[in-house]
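Note that the sequence shown covers residues 1 to 58 in our numbering. We treat Cβ as the ideally placed atom computed from N, Cα and C, and that holds for glycine. These numbers come from a predicted model, not from an experiment. Okay, so here's the structure we're looking at.
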Amino acid sequence: MFFCMFSGIDELLAQDTSSYQLFHSLTKEMQERIVEHDFTSFYELNRFVQKNRHKYKG
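Below you can see the structure in the form of structure tokens.
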């Protein structure tokens, strides 16, 4: 499996459109958890969202 790695969540959101769109579709609470994890790829970000979306419903 191929996926791009970035230096952290800030670069990921700035450089990867899919990550940006996913992040901004989430609740503020879930966004805060994502920032705490400082993901470096869309794969990691999406995996976290799929596993935890039910916990952070808006």
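Close-in-space but distant-in-sequence residues of the same chain around residue i (CB under 8 Å, 5 per side omitted)
| i | result |
| --- | --- |
| MET5 | THR40, SER41 |
| SER7 | THR40 |
| HIS56 | It is worth fixing the name first, because residue 56 is Tyr in this sequence and not His. Excluding sequence neighbours, TYR56 sits near LEU26, THR27, GLU29, MET30, ARG33. |
| ASP16 | CYS4, PHE6, PHE42 |
Where residue i falls: helix, strand or coil (DSSP)
| i | result |
| --- | --- |
| THR17 | helix |
| LEU45 | helix |
| PHE23 | helix |
| MET66 | Residue 66 lies beyond the stretch modelled for the chain, which goes from 1 to 58, so this question has no answer here. |
| LYS55 | helix |
| PHE10 | Going by the sequence as given, residue 10 is Asp instead of Phe. DSSP places ASP10 in helix when its eight states are reduced to three. |
Beta-carbon proximity of residue i to residue j, cut-off 8 Å
| i | j | result |
| --- | --- | --- |
| ILE9 | VAL49 | no |
| LEU13 | TYR20 | yes |
| ASN52 | LEU22 | no |
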